[in-house]
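What follows is a set of notes on a single structure, which appears directly below.
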Amino acid sequence: MIGISSYGAYIPIYRLSHSELGRAWGVGVRRGEKAVANYDEDSITMSVEAAIDCLRGIDRNIVDGLYFASTTPPYREKQCASIVAAAVDLRPTVFTLDLVDSLRAGTSAVKVACDAVKSGSMKRVMVTAADCRLAAPNSEFEPVFGDAAAAFLVSDTDVIAVIEDSHSVTSEFIDIWRTEQDKYPRTWEDRFILEHGYFDNIFLVISELLKKHNLTAKDFSKAVYYAPDARSHRRLATRLGLEASQIQNPMFDSVGNAGTAFAPLMLVAALEQAKPGDRILWANYGDGADAFILRVTEGIEKIGNRRGVRHHLASKMPLPNYEKYIRFRDLMEWEPERRPGYISSLPVLWRDRTQVLALHGCRCRNCGKIQFPIQRVCAWCRAKDNYEEVRLSDKKATVFTFSMDERAIEVDLPRVWTISDFDDGGRIYCVMTDRDPSKVEIGMRVEMTFRRIHDGSGVHNYFWKCRPIRVAE
Amino acid sequence: MHILYKEVTVESIKDKVAIIGMGCTKFGELWDKDAYDLVIDAAYEAYEDAGIDPKDIQAAWVGTAMGQTGTQLSAPLKTDYIPVTRVENVCATGMESLRAATYALIAKAYDLVLAVGYEKLKDTGYGGLGLATQAGGSEKWHPVIGSGDSAPGRYALAATRYFYQFGLSREEGKRILAKISVKSHYNGARNPRAHLRMEVTEEQVINAPIIAWPLGLFDACGVTDGAAAAILCRAEDAKSYKPKGDYITIKSFGLCTGPGMGKVRTDYDYVHWEETQRAARQAYADAGIKDPKQDIDMCEVHDCFSIAELMCYEDLGFCEKGKARYDIEAGTFTLHGKHPFNVGGGLKSFGHPVGASGIREVFEGYVEILGRAELPERQLKNVEIALAHNQGGNPGRFICSICIVGIPGK
Numbered sequence: 014m015i016g017i018s019s020y021g022a023y024i025p026i027y028r029l030s031h032s033e034l035g036r037a038w039g040v041g042v043r044r045g046e047k048a049v050a051n052y053d054e055d056s057i058t059m060s061v062e063a064a065i066d067c068l069r070g071i072d073r074n075i076v077d078g079l080y081f082a083s084t085t086p087p088y089r090e091k092q093c094a095s096i097v098a099a100a101v102d103l104r105p106t107v108f109t110l111d112l113v114d115s116l117r118a119g120t121s122a123v124k125v126a127c128d129a130v131k132s133g134s135m136k137r138v139m140v141t142a143a144d145c146r147l148a149a150p151n152s153e154f155e156p157v158f159g160d161a162a163a164a165f166l167v168s169d170t171d172v173i174a175v176i177e178d179s180h181s182v183t184s185e186f187i188d189i190w191r192t193e194q195d196k197y198p199r200t201w202e203d204r205f206i207l208e209h210g211y212f213d214n215i216f217l218v219i220s221e222l223l224k225k226h227n228l229t230a231k232d233f234s235k236a237v238y239y240a241p242d243a244r245s246h247r248r249l250a251t252r253l254g255l256e257a258s259q260i261q262n263p264m265f266d267s268v269g270n271a272g273t274a275f276a277p278l279m280l281v282a283a284l285e286q287a288k289p290g291d292r293i294l295w296a297n298y299g300d301g302a303d304a305f306i307l308r309v310t311e312g313i314e315k316i317g318n319r320r321g322v323r324h325h326l327a328s329k330m331p332l333p334n335y336e337k338y339i340r341f342r343d344l345m346e347w348e349p350e351r352r353p354g355y356i357s358s359l360p361v362l363w364r365d366r367t368q369v370l371a372l373h374g375c376r377c378r379n380c381g382k383i384q385f386p387i388q389r390v391c392a393w394c395r396a397k398d399n400y401e402e403v404r405l406s407d408k409k410a411t412v413f414t415f416s417m418d419e420r421a422i423e424v425d426l427p428r429v430w431t432i433s434d435f436d437d438g439g440r441i442y443c444v445m446t447d448r449d450p451s452k453v454e455i456g457m458r459v460e461m462t463f464r465r466i467h468d469g470s471g472v473h474n475y476f477w478k479c480r481p482i483r484v485a486e
Numbered sequence: 069m070h071i072l073y074k075e076v077t078v079e080s081i082k083d084k085v086a087i088i089g090m091g092c093t094k095f096g097e098l099w100d101k102d103a104y105d106l107v108i109d110a111a112y113e114a115y116e117d118a119g120i121d122p123k124d125i126q127a128a129w130v131g132t133a134m135g136q137t138g139t140q141l142s143a144p145l146k147t148d149y150i151p152v153t154r155v156e157n158v159c160a161t162g163m164e165s166l167r168a169a170t171y172a173l174i175a176k177a178y179d180l181v182l183a184v185g186y187e188k189l190k191d192t193g194y195g196g197l198g199l200a201t202q203a204g205g206s207e208k209w210h211p212v213i214g215s216g217d218s219a220p221g222r223y224a225l226a227a228t229r230y231f232y233q234f235g236l237s238r239e240e241g242k243r244i245l246a247k248i249s250v251k252s253h254y255n256g257a258r259n260p261r262a263h264l265r266m267e268v269t270e271e272q273v274i275n276a277p278i279i280a281w282p283l284g285l286f287d288a289c290g291v292t293d294g295a296a297a298a299i300l301c302r303a304e305d306a307k308s309y310k311p312k313g314d315y316i317t318i319k320s321f322g323l324c325t326g327p328g329m330g331k332v333r334t335d336y337d338y339v340h341w342e343e344t345q346r347a348a349r350q351a352y353a354d355a356g357i358k359d360p361k362q363d364i365d366m367c368e369v370h371d372c373f374s375i376a377e378l379m380c381y382e383d384l385g386f387c388e389k390g391k392a393r394y395d396i397e398a399g400t401f402t403l404h405g406k407h408p409f410n411v412g413g414g415l416k417s418f419g420h421p422v423g424a425s426g427i428r429e430v431f432e433g434y435v436e437i438l439g440r441a442e443l444p445e446r447q448l449k450n451v452e453i454a455l456a457h458n459q460g461g462n463p464g465r466f467i468c469s470i471c472i473v474g475i476p477g478k
C-alpha cells in the first residue's frame with residue numbers, strides 16, 4: 014500500500030493584510046491577509062522548512078529521493094532539489110529531481126514518487142512543493158498570491174494516507190504564463206480562462222476518477238482542491254455538489270494561492286484533522302489536472318508533532334506596510350550602493366558544504382566539545398584532526414548576546430547579529446531573522462532556519478540564521 | 069629579568085631603546101593628501117625632531133592595514149635601498165612597526181631606524197570601512213559565515229552583554245558609555261592635531277543615530293586619514309642625538325594574539341578583553357610595574373568604540389571588573405582626573421587611521437612626557453610613564469599590543 018507516510022508544511026511568518034494592500038492602491042478595505050516570504054526566503058528555503066517539518070522524529074538517512082516542485086525555482090539553470098537535500102542533510106546517495114514550471118508540479122511530483130516506490134527503485138521519496146510567486150504590483154493577482162511550502166514523504170511503509178488511485182489529464186491550455194522576459198505572471202480574460210481552463214480540466218479529471226471507482230462526491234469526507242481564487246473554489250464545490258463540511262478551507266484569506274504548494278498545503282491541513290478511515294479527494298490544476306483518492310489509516314494517530322499548517326498559521330507577524338513589502342520583493346529601483354557589495358566563492362562553498370548547507374559543526378573526540386565552524390585543531394584541547402561532524406540545524410539555542418547593525422548592507426534593517434549557545438554545546442555567531450527588533454533580548458530562545466544570505470557573484474548564497482522559536486515545544 | 073613563560077626566561081628590554089624624534093600629521097579627512105603625503109609629512113617631522121639626516125636611517129618599518137609592501141615607505145621617502153618591511157596586525161598595526169624597530173635595535177642589527185604607521189581611508193566614497201574583501205581582514209573571510217558583519221556590530225555584542233551582566237539598564241548603559249565619549253571629545257577639542265575637534269554633550273551622544281545597537285554615532289571613532297612616525301636608537305646613543313635629554317625610552321612591549329575563539333567557545337563571556345589582560349601582564353612585568361594605578365601616569369587606549377575604552381579601564385587594572393561605571397561617574401579618567409585616559413582625544417576624537425593609531429598613541433605619551441602639549445590646558449603635570457594600548461580584531465578575536473614608555477631610568 015503506497016501513500017503518504019509523513020507530512021510537513023511551512024508558512025512564512027509575515028502576513029500582508031488585504032486592507033493594507035487596499036490602502037496602498039486606494040481601492041478600499043478588504044478582509045483577510047496573505048502570507049509573505051521574508052526577504053531572505055525563497056522556494057528553496059521554504060522547501061527546506063517543510064521537509065524538516067515532515068521529517069520530525071524520522072531518521073533522515075532513510076530518505077531515498079527528493080523531488081522539488083515549484084514554479085519559482087531560484088535558479089533558471091541549476092537544480093534546486095540538490096540544495097534542499099543538502100540542507101535537510103539527506104545522505105549523498107539520495108536521488109534528486111526538480112519538477113518546475115507548472116502549477117500542477119506538486120501533485121505530479123507525488124504521482125511520480127508513488128510510481129518510483131511502486132517500481133521498487135526507491136523506498137521513500139520526499140516531495141517538496143513551494144512557491145513564492147511575485148504578482149505585479151496592483152494587479153488582480155497581488156492580493157491572491159501567497160507564499161508557502163508543503164512536503165510529503167511517499168513510501169509503502171508506515172503509511173498514514175494510502176493513495177488508492179490517481180488520474181491525470183493534460184491540456185495545452187495557456188492559462189497563466191511567464192516567458193523568459195516576464196517578471197510577473199500573465200493571464201488572459203478570466204471568463205475564458207476559468208471556463209475552458211480551470212473548470213473544464215479539473216471537473217474532467219475528478220469526474221473520470223470518480224466514475225472509474227464508481228464513487229460520487231458524497232463518498233468523501235473531505236475534498237481538497239486547487240482553485241485560482243476563492244470564488245472559483247466555491248463554484249467548483251457547487252458543481253461537484255459538495256456539502257460545506259466536505260470542503261477543505263482553501264485559506265485564501267489567511268495564506269493565499271500558494272501556487273504549486275497550494276493543493277499540497279491544503280492536503281496537509283486536511284490530514285491534520287483527518288481520522289482513520291476518512292476518504293479524501295485531492296485535485297490540482299495546471300496544464301491539465303491531477304486527482305487522487307486517499308484513504309486515511311490508523312497511522313494518522315501516531316504522526317506526532319508537526320508544525321504543519323495549523324501551528325504555522327497561528328504564528329505570524331504583520332508586515333507593517335506595503336512599503337516594506339516593496340523592499341522585501343525588491344519592487345523598486347534603488348539608490349546604487351557605494352560600498353563594495355557581497356562576493357561569493359564557489360570553492361569555499363564547496364569545501365565547507367556540510368557546514369554551510371547542513372550546518373555541521375564538530376565534536377572533539379578527545380574532549381567532547383562541540384564547535385562551529387569546524388575546527389581542525391580543537392578550540393578547547395588542541396587535539397588535531399580528531400573530531401566527528403554533528404548536525405546543529407535541529408538544535409535549539411539561547412541568545413548569549415546580540416547587536417543590531419543599522420548600517421549593514423541589508424534589506425531589512427537592523428541586522429540583528431547574535432552569539433547563540435546551543436542547548437547541547439557549541440556556539441554560533443549568526444543573524445537573527447523573523448524577529449521584532451524591539452523584542453530581541455539576551456536569554457531569548459532561538460532555533461535555526463535556512464535562508465538566502467546574499468546573491469554576491471551572481472550565486473544564491475544560502476546559510477543558516479536563527480529565529481525566535483516559532484512554535485513552543 | 070623576569071619569567072614570561074613557563075620555561076623561557078626573557079630579558080627585560082626596559083630602557084634599552086630610545087625614541088629620539090616623532091612626527092604626527094594632523095588627523096582628519098585629508099582630501100588633499102594621499103598616502104605618500106602622509107608618510108612624508110610624518111617622517112620628515114620626525115627627522116627634524118630627532119635632528120638627523122634622513123640618509124642616516126639604516127632600516128624602516130611601515131605599518132599599514134591596507135597598503136602592501138615596504139615600498140609604501142621607500143617610494144615616498146626615497147630611502148636608499150635599505151631594508152623596509154611592511155607590518156600588519158589590523159588595527160594594532162602601528163605598534164608593530166615600533167616593536168619591530170625596537171627589537172632590531174636590541175639585536176644590534178642597526179643603530180638608527182624609522183617606524184611609520186599610516187592609513188588613507190577617505191578615498192573610498194563611503195563612511196566606515198566597508199565589507200571584508202576575500203583577503204579577510206581580521207577574520208577568515210567566508211562568503212556566508214559571518215558575512216556582512218561590521219566592526220560596530222562586533223563590538224556592540226560586548227556592550228549588550230556588559231549591560232546585562234552588570235545590571236545596567238539600556239538607558240544607564242548608554243549614559244555610562246556616553247560619558248566616555250564626552251570626555252574624549254573634550255580632550256580632542258583641545259588638541260590641534262585631532263580630527264573631530266568639538267565637544268559633545270551626553271545628550272548628543274545618547275541621542276545620536278544608532279550605528280549598531282547599543283552603539284551610536286558618538287560611540288564610534290572617526291574614520292580618518294593620518295600618519296605618525298618615530299626615530300629610534302639604542303638608549304646609550306640617544307644623548308649623542310639629543311644632548312638636552314629630550315627623549316623617552318621604551319619600558320616594555322606586550323603583544324598578545326588570541327586564538328580568536330570567542331565566537332566558537334561558550335566560555336568567552338564578552339565582558340572582558342582577554343588579550344588586553346595578557347598583553348598588560350607581559351608589559352607590566354617587563355617594565356617592573358607592580359600597580360598600574362600607582363606607576364602609570366596616563367594611558368592612550370584603543371577606543372575604536374566607547375565600550376572598548378570602558379573594558380580597558382578594567383582589563384588594564386585601573387578598576388575592578390564590572391565597576392568601571394563608578395570611576396567613570398567620578399571623573400577618574402578625565403584630562404585632569406586621577407588616571408587620565410586618552411588625553412589626546414583617543415581614536416574617538418583624534419581619529420583612527422588604522423595603521424597610524426599605535427604610533428600616534430605613543431606620540432601622545434611622548435608629547436606629554438616632554439612637556440610639548442601645544443595648548444597649556446592639555447599639558448599634564450609630571451608625566452613620567454605613559455601606556456599606549458593598540459588593539460586589532462574584535463571581541464573574542466583580538467590582537468593586543470601594549471607599549472609603555474617613559475623618562476629614561478624611571
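Protein chains in written order, with our numbering: chain A, 14 to 486; chain B, 69 to 478. Backbone N, C-alpha and C define an ideal beta-carbon position, used for all residues, glycine too.
Would you identify the three-state DSSP class for C471/B, choosing helix, strand or coil?
Indexing the second sequence from 1 puts residue 471/B at position 403. The DSSP-derived three-state label of C471/B is strand.
Going along the stretch 426-456 of chain B in order, which residues come within less than 8 Å of chain A, judged by CB to CB distance?
none
Any chance the stretch 380-400 of chain B sits against the stretch 414-429 of chain B, with 3 or more Cβ pairs inside 8 Å?
no
Out of Q447/B, V181/B and P311/B, which has the shortest C-alpha to C-alpha gap to M90/B?
Position 22 of the second sequence holds residue 90/B. Closest option to M90/B, Cα to Cα, is V181/B.
For chain A, find out if any of its Cβ atoms is closer than 7 Å to the Cβ of A262/B; answer yes or no.
One-based indexing of the second sequence puts residue 262/B at position 194. Look at A262/B: its C-beta is not under 7 Å from any C-beta on chain A.
Could you list which residues in chain B have their beta carbon closer than 9 Å to that of T109/A, in chain order?
Translated into the one-based positions of the first sequence, residue 109/A becomes position 96. In chain order: nothing, as chain B lies at least about 22 Å away.
I455/A versus chain B: which residues are under 8 Å apart at the beta carbon?
The residue given as residue 455/A occupies position 442 in the first sequence. Ordered by position in chain B, the residues that pass the 8 Å Cβ test against I455/A are T228, R229 and Y232.
How close, in whole Å, do the beta carbons of R393/B and I244/B come, if the pair is a contact with beta carbons under 8 Å?
Position 325 of the second sequence, counting from 1, holds the residue named residue 393/B. Position 176 of the second sequence, counting from 1, holds the residue named residue 244/B. Their Cβ separation, rounded to whole angstroms, is 5 Å, which keeps R393/B and I244/B in contact under 8 Å.
What residues from the stretch 394-426 of chain A come within 8 Å of chain B, judged by C-beta to C-beta, listed N to C?
F413, T414, F415, S416, M417, D418, E419, R420, A421, I422 and E423
Does the stretch 457-471 of chain B come within contact of the stretch 324-340 of chain B, defined as at least 3 CB pairs closer than 8 Å?
yes
In whole angstroms, what separates the C-alpha of G165/A from that of A142/A?
Residue 165/A sits at position 152 when you count from the first residue of the first sequence. Residue 142/A sits at position 129 when you count from the first residue of the first sequence. Checking the displayed sequence, the identity of residue 165/A turns out to be Phe instead of Gly. Those two C-alpha atoms are separated by around 9 Å.
Residue(s) in a DSSP beta bridge with N259/B
In the second sequence, the residue the question calls residue 259/B occupies position 191. N259/B is not bridged to any residue.
Mind reading off the beta-carbon distance from A306/B to A86/B? Whole number of angstroms is fine, and I expect it under 8 Å.
Taking the first residue of the second sequence as position 1, residue 306/B is located at position 238. Taking the first residue of the second sequence as position 1, residue 86/B is located at position 18. About 4 Å; that satisfies the 8 Å criterion.
Nearest CA to the CA of K251/B: which residue from G460/B, A454/B and H404/B?
Working through the second sequence from its first residue, we reach residue 251/B at position 183. Ranking G460/B, A454/B and H404/B by Cα distance to K251/B puts H404/B first.
Partner residues on chain A for I279/B, Cβ-Cβ distance less than 9 Å
Sequence index remark: in the second sequence, residue 279/B carries index 211 (1-based). What I279/B touches in chain A: D418, E419 and R420.
So T228/B and T446/A are in contact, right, with Cβ under 8 Å, and what is the actual spacing, rounded?
Residue 228/B sits at position 160 when you count from the first residue of the second sequence. Residue 446/A sits at position 433 when you count from the first residue of the first sequence. No, T228/B and T446/A are not in contact; Cβ-Cβ is about 18 Å, not under 8 Å.
Using the beta-carbon of each residue, which ones in chain B are nearer than 7 Å to L362/A?
Walking along the first sequence from the start, residue 362/A turns up at place 349. Per Cβ cutoff of 7 Å: P211.
Ordered along the chain, which non-local residues of its own chain (more than five positions away) have a Cβ less than 8 Å from that of V268/B?
Locating residue 268/B in the second sequence gives position 200, where the first residue counts as 1. Correct list, in chain order: S249, V250, H253 and F286.
Just verifying my parser: in three-state terms, what is the DSSP assignment at V76/B?
Counting from one through the second sequence, the residue named residue 76/B turns up at place 8. Its pLDDT being 46, under 50, V76/B is placed unreliably by the model, and the measurement read from it follows with that caveat. Reduced to three states, the DSSP call for V76/B is coil.
I'd like the span of the beta strand (DSSP E) that includes H180/A, first residue to last.
Taking the first sequence and counting its residues from 1, the one referred to as residue 180/A is at position 167. H180/A -> beta strand (DSSP E) spans A174 to T183.
Status (buried if at least 16 other CB within 10 Å, exposed otherwise) for K416/B
Counting from one through the second sequence, the residue named residue 416/B turns up at place 348. Buried, because 16 or more other Cβ atoms sit within 10 Å of the Cβ of K416/B.
Classify E62/A: buried if its beta carbon has 16 or more other beta carbons within 10 angstroms, exposed otherwise.
Here residue 62/A corresponds to residue number 49 of the first sequence, with the count starting at 1. With 16 or more other Cβ atoms inside 10 Å of its own Cβ, E62/A counts as buried.
Give the residues of chain A in contact with Q136/B, contact being defined as C-beta atoms less than 9 Å apart.
As a working note, residue 136/B is residue 68 in the second sequence. Neighbours of Q136/B on chain A: none; closest Cβ ~18 Å, over 9 Å.
Starting from D144/A, follow its DSSP beta bridges and name the residues at the other end.
Here residue 144/A refers to the residue found at position 131 of the first sequence. Its beta-bridge partners are A161/A.
Considering only the alpha carbon of each residue, which of F233/A, K235/A, S234/A and I260/A lies closest to H246/A?
To locate residue 246/A, count along the first sequence from 1; it is residue 233. By alpha-carbon distance to H246/A, the top candidate from F233/A, K235/A, S234/A and I260/A is I260/A.
Backbone CA spacing between G96/B and R364/A [nearest angstrom]:
Translated into the one-based positions of the second sequence, residue 96/B becomes position 28. Translated into the one-based positions of the first sequence, residue 364/A becomes position 351. Taking the straight line joining both Cα atoms gives about 43 Å.
Assign P144/B to buried or exposed, taking buried as 16 or more other Cβ atoms, counted over all protein chains shown, within 10 Å of its Cβ.
Taking the second sequence and counting its residues from 1, the one referred to as residue 144/B is at position 76. Buried, because 16 or more other Cβ atoms sit within 10 Å of the Cβ of P144/B.
In this structure, does DSSP put N227/A in helix, strand or coil?
In the first sequence, residue 227/A corresponds to position 214, counting from 1. N227/A carries a coil assignment under DSSP once its states are collapsed to helix, strand and coil.
Shorter than 6 Å, the distance from the beta carbon of A287/A to the closest heavy atom of the ligand GTP, or not?
This structure does not include the ligand GTP; it has no bound ligands of any sort.
Straight-line gap, G313/B to I472/B (C-alpha atoms, nearest Å)
If you number the second sequence from 1, residue 313/B lands on position 245. If you number the second sequence from 1, residue 472/B lands on position 404. Going by the C-alpha atoms only, they are around 18 Å apart.
Please classify A327/A as buried or exposed, where buried requires at least 16 neighbouring CB atoms within 10 angstroms.
What you label residue 327/A is simply residue 314 of the first sequence in a count that begins at 1. Under this definition A327/A is an exposed residue.
Compare the C-beta of I432/A against all C-beta atoms of chain B and say whether one is closer than 7 Å.
Here residue 432/A is taken as the residue at index 419 of the first sequence, counted from 1. Yes, its Cβ sits closer than 7 Å to a Cβ of chain B.
Quick one: what's got a C-beta closer than 6 Å to I396/B's C-beta in the same chain, skipping five residues either side?
Here residue 396/B corresponds to residue number 328 of the second sequence, with the count starting at 1. Counting only Cβ-Cβ distances below 6 Å, and skipping sequence neighbours, we find I244 and K247.
Decide if W129/B is buried, meaning its Cβ has at least 16 other Cβ atoms within 10 Å, or exposed.
Taking the first residue of the second sequence as position 1, residue 129/B is located at position 61. Under this definition W129/B is a buried residue.
Where does D487/A fall in DSSP's three states?
Since the first residue of chain A shown is 14 and the last is 486, residue 487/A is not available in this structure.
Under a Cβ-count criterion, where at least 16 other Cβ atoms within 10 Å of its own Cβ denotes burial, should W430/A be classed as buried or exposed?
Here residue 430/A corresponds to residue number 417 of the first sequence, with the count starting at 1. So W430/A ends up on the buried side.
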